[in-house]
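As structure tokens, the structure follows; a few thoughts come after it.
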Amino acid sequence: MWSLAWWPYALLHGANPFFSHVIWAPGGTNVAAAATIPAAAIALWPVTAVFGPLVSFNALAILGPPLGGLTAYLLCRRLASSNSAALMGGFLFAFSSSELTQSLGHANLALVFLIPVMVHLPLRRLAGELSGRRFITGMAVVFVVQALLSTEILFDAVLIGAGTLIIGYYVAARPLRPRIDVLARETVIAGVAAGLVLLPYLLAALASGQALRGGTYGLDALNLITPTPITWLGGSLLRHVSATFEHGFLSETGGYMSLPLLCALAALARSTWRTQRKTQMLVLTFILSVTLALGSPLHIAGHAVLPLPWDLLQRLPLVPALVPSRIAIFAQLAVALSVAIWLTQAGSHGARRWLIAGLGVAALFPNVAGAWWGGRPDDPSFFRTTQYEHYLTRGENVLIIPFGLYGDSMLWQAETNFYFTMPGGYISDAAPTSPQDDRADASLYASSVAGARMSAKLIPVIRIYLRRYHIRHIVIEPGYQRGLAPVLHRLASPSRQLGGILLYTVR
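So that you can map any letter, position 378 of the sequence shown is 383 in our numbering, and since no number is skipped, the others follow by simple counting.
Below, the structure written as structure tokens:
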């Protein structure tokens, strides 16, 4: 939500959008190196300006799956030539396990609607429907927008796309191979053009000096066939198994594809492997995507078993910044396309195929009763209205508890249109703190846990911290002041309860 407000604010006020001084103030932090969805922020600028970042975020979360479903439907309709089968494929991609799990907290990774477009445009170019110039222009635009939504998804797409082109070259009939060569060259040209457009953004991101590092989340092999709590059918029953996946982080357990859909993929391969080259392409791309999504080593029910090719890829540039399990979205697109094609096969078992596909839909159907699909942030009227203007000075540095990544201080700042700055914040794991602030930061983080008490021995440390960052006011969410009482009593005047917050003035 902070990101949705930051990019329009920075562009409108002539500030450097790649580096923000309103969080971790006054030193600031690199915004370009974090996942801050500038494309979505700019697209929703009017909504944010009128209704605020909370409404914009809700709109983004609601639009993500249908946008992905629409582009997947258009791609399925091209390959399957059937509206009903294409609708099935579009639904399977829109509400895939990856899409549902990433929508729990990673807006940048839930906006995957351009992945089917990256497949559709090359198919149209190979069919002669697009000229080289139009294809290069279209792909360059897609690359730029995808980079401004999620550079990680773009890097994943480049990795899978390169592998798919190699597969396509060897699978395709010999007369088609020269056209694939041309397609590969034009795609590289489009990538170079996109890189030139994105050069300021990329240079700003690299200038942060932050090490490129992804997560250790490799897809657990059992995740392919085991539902997680986000799915309605069997998710709760098998919770003890899915709890072993990806260190227990639900938002990274997006590899579930269900037995019915995997059976449909196998049935398509069995019936058309020798006669349909597109089947070979889909199956081999599926295998490639799953192999990379498993990461390394291979995990089964949380237990490391054996090394996988991901270890070799880690030596390539940028690959260490990727989280392997998130590549599962490409395998799920291959499954959705395969099911759509399989449903259009001629034969006497059409009803049986639709029954299996329907079981696949039921298997993926989300557990809509889950509490994780929504939540109400703490949004006090002190910041939601203009009450803050009567007590705070524009541009002053305000310490807010809960601190940093805890609580909703980032939302409060965004709702005030960045009226004040903060000595903390959270847009990535890399917190630009100085060694002399380590004790103070650790104490402030600890105090952000309700009921935690701050020792009176830390009063000199906090006093130095308040002076260094020129903090005149401390805002505390009710319920957190008790643990801070020994410190607040010595450093600040008695609190005032205003619009759902407690305001302290530093002596």
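C-beta: ideal position from N, C-alpha, C; glycine also.
Residue i and residue j closer than 8 Å at C-beta
i    : j    : result
I513 : P385 : Absent from the structure is residue 513, since the part of the chain shown begins at 6 and ends at 512.
L109 : S256 : yes
P58  : A419 : yes
L303 : L293 : no
G259 : Q107 : yes
L170 : H125 : no
L116 : A45  : yes
L489 : V511 : no
I332 : L369 : no
N113 : L154 : yes
L299 : G223 : yes
A77  : A85  : no
I28  : G430 : yes
Y206 : T233 : no
L449 : I406 : yes
Beta-bridge pairing of residue i - partner residues as DSSP gives them
i    : result
I361 : According to DSSP, which records beta bridges pairwise, I361 is partnered with nothing at all.
I225 : The amino acid occupying residue 225 in the given sequence is Asp; Ile does not appear at that position. BP columns for D225 point to H304.
I406 : I481
R501 : L508
F24  : N35
I476 : N402
T426 : N402
P371 : T236
A99  : Answer is none; A99 lacks a bridge partner.
A271 : A271 pairs with nothing; no bridge assigned.
A445 : DSSP output for A445 lists no bridge partner at all.
A309 : H304
Residue closest to residue i, alpha-carbon to alpha-carbon, out of the options
i    : options                   : result
S89  : L342, R512 and L369       : L342
I479 : F423, P465, I432 and E401 : E401
L2   : L181, W347 and Q418       : As shown, the chain starts at 6 and ends at 512. That puts residue 2 outside it, with no answer to give.
T277 : L299, L264, G352 and Q319 : G352
A152 : G200, N35 and I171        : G200
L503 : F408, E394, I476 and L92  : E394
A339 : A326, Q281 and L270       : L270
N63  : A37, F250, A306 and P382  : P382
L4   : Q285, F291, K283 and R244 : Because the chain in this structure spans residues 6 to 512, residue 4 falls outside the shown range and cannot be described.
I235 : V373, I42 and L75         : V373
S460 : R473, W417 and R487       : R487
K462 : Y474, A445, R473 and V454 : A445
F335 : S102, L65, P499 and I67   : S102
L105 : I361, E157, Q337 and R138 : Q337
P127 : G73, V454 and G173        : G173
D443 : I469, I405 and R458       : I469
M427 : A15, L16, A189 and T34    : T34
R190 : L208, A210 and A167       : A167
S453 : M144, P483 and R473       : P483
M144 : L119, G133 and A132       : L119
F408 : A447, R389 and F387       : A447
E134 : R83, E157 and L227        : R83
R458 : P314, T349 and L493       : L493
H111 : A39, W417 and V366        : A39
Y424 : F387, A345, A177 and F250 : F387
G375 : L229, S241 and P465       : S241
H308 : L131, N228 and K283       : N228
Environment of residue i [buried if 16+ CB atoms lie within 10 Å]
i    : result
T53  : buried
D413 : buried
F56  : exposed
Y485 : buried
L287 : buried
L4   : There is simply no residue 4 to check, as the chain begins at 6 and stops at 512 in what is shown.
G253 : exposed
Y509 : buried
V295 : buried
L397 : buried
P325 : exposed
Residue span of the alpha helix (DSSP H) that contains residue i, given as start and end
i    : result
A461 : No alpha helix (DSSP H) holds A461; DSSP gives it neither H nor E.
A195 : R182 to V202
S343 : A333 to L348
G253 : No alpha helix (DSSP H) holds G253; DSSP gives it neither H nor E.
D161 : T156 to V176
M262 : Unbroken run through M262: none, as it is neither H nor E.
F118 : Segment: none, F118 is in no alpha helix (DSSP H) and carries neither H nor E.
T296 : R282 to A298
H245 : R244 to S247
I230 : I230 -> no alpha helix (DSSP H), and no H or E assigned at all.
S386 : S386 to R389
E420 : S414 to E420
W50  : W50 to F56
V324 : That residue, V324, is in no alpha helix (DSSP H); it is neither H nor E in DSSP.
Y14  : W7 to L17
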